[in-house]
Ligand code: PGA
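In this note's numbering, the protein residues as written are 1085 to 1328.
Printed below as a string of structure tokens:
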């Protein structure tokens, strides 16, 4: 099923999140052939979970820590996320890699911890502008996949999001060829790890209601991870309900 995931990042208070949901539920209630999920901040998860009960919308966390419990001030464990009803977790977003020094080794531990706790994972990978300009895109993607997925044997709960860092929040969308090439490359790399699974590959980076159709029509694009354009319920619903 095609997957439409809203990453709200550090936006919305609980009240604002619930207002969004009130408006959003009726807009997408008739969508049955697509998977929809919202990733609010940790603080909103519990209330958003309550508000989404009985709907076709799933709950996603934006981050997780890999230990079960202990002296890790400020962190949240997979079990705690399960406890509030989370289905999915975003791991390795480029903003986490950049501002919080998350590397592939940490990301690998997080994926394993999610797997052990039955949480589905969206693993973000992507090159920076500098890396693309130096023709290092595929090398970077390969490294992120190999290191991120090292030692993982269960791929049933894994989705990859290709998010070129230079396209995130910039209004610059990767062009069709760039997306097509990257998704094909990722698909081929994934075959080495999980020949029997067809792992979904999402695109993320300045997705809007205006460019969604073009993006979804690209080969091997199984959905989108949407930041800015997902903050408004009408806009996000338009993205989900784009006309083929
Ligand atoms: P954007 O963010 O849609 O605002 O570019 C995407 C993301 O970071 O997942």
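Virtual Cβ for every residue (Gly too), placed ideally from N, Cα, C.
With a CB to CB cut of under 6 Å and the five nearest residues on each side skipped, what residues in its chain are close to residue i?
i            : result
residue 1229 : 1273
residue 1281 : 1239
residue 1105 : 1135
residue 1338 : Because the chain in this structure spans residues 1085 to 1328, residue 1338 falls outside the shown range and cannot be described.
residue 1146 : 1123, 1174
residue 1288 : 1245, 1247, 1309
Within its chain, find whatever has a CB closer than 8 Å to the CB of residue i; leave out the 5 residues flanking it on each side and keep chain order.
i            : result
residue 1151 : 1159, 1161, 1197
residue 1138 : none
residue 1326 : 1293, 1296, 1297, 1300
residue 1204 : 1171, 1172, 1173, 1198, 1241, 1242, 1243
Inspect the beta-carbon positions of residue i and residue j and report whether they are closer than 8 Å.
i            : j            : result
residue 1314 : residue 1091 : yes
residue 1128 : residue 1089 : no
residue 1246 : residue 1209 : yes
residue 1120 : residue 1142 : yes
residue 1148 : residue 1175 : yes
residue 1189 : residue 1231 : yes
residue 1306 : residue 1131 : no
To the nearest angstrom, how far is the alpha carbon of residue i from that of residue j?
i            : j            : result
residue 1285 : residue 1244 : 5 Å
residue 1304 : residue 1113 : 26 Å
residue 1264 : residue 1155 : 44 Å
residue 1270 : residue 1193 : 21 Å
residue 1134 : residue 1096 : 17 Å
residue 1257 : residue 1251 : 5 Å
residue 1218 : residue 1249 : 14 Å
residue 1126 : residue 1098 : 10 Å
residue 1255 : residue 1165 : 32 Å
residue 1103 : residue 1324 : 19 Å
residue 1118 : residue 1236 : 27 Å
residue 1177 : residue 1157 : 21 Å
residue 1202 : residue 1168 : 14 Å
residue 1310 : residue 1122 : 10 Å
residue 1213 : residue 1318 : 31 Å
residue 1101 : residue 1191 : 27 Å
residue 1195 : residue 1259 : 29 Å
residue 1279 : residue 1316 : 38 Å
Sorted by chain position, which residues of the same chain lie with C-beta nearer than 7 Å to residue i's C-beta, five sequence neighbours on each side aside?
i            : result
residue 1215 : 1221, 1224
residue 1321 : 1108, 1111, 1112
residue 1153 : 1161
residue 1234 : 1192
residue 1312 : 1253
If I follow the unbroken alpha helix (DSSP H) through residue i, where does it start and stop?
i            : result
residue 1193 : 1188 to 1200
residue 1204 : From DSSP, residue 1204 is part of no alpha helix (DSSP H) but of the beta strand (DSSP E) over 1204 to 1209.
residue 1321 : 1317 to 1324
residue 1214 : 1213 to 1217
By the DSSP assignment, the beta strand (DSSP E) with residue i in it spans what residues?
i            : result
residue 1184 : Careful: residue 1184 lies outside any beta strand (DSSP E) and carries neither H nor E.
residue 1090 : 1086 to 1091
residue 1308 : 1307 to 1310
residue 1173 : 1172 to 1175
For residue i, would you say it is in contact with chain C, using Cβ-to-Cβ distances shorter than 8 Å as the test?
i            : result
residue 1237 : This model lacks chain C altogether, as it is built from one protein chain only.
Quiz item: Could you give the uninterrupted runs of the alpha helix (DSSP H) lying entirely in the segment 1230 to 1302, keeping only those of 4 residues or more?
Solution: 1260 to 1277, 1296 to 1300
Quiz item: What alpha helix (DSSP H) runs, 4 residues minimum, are completely inside the segment 1105 to 1164?
Solution: 1129 to 1136
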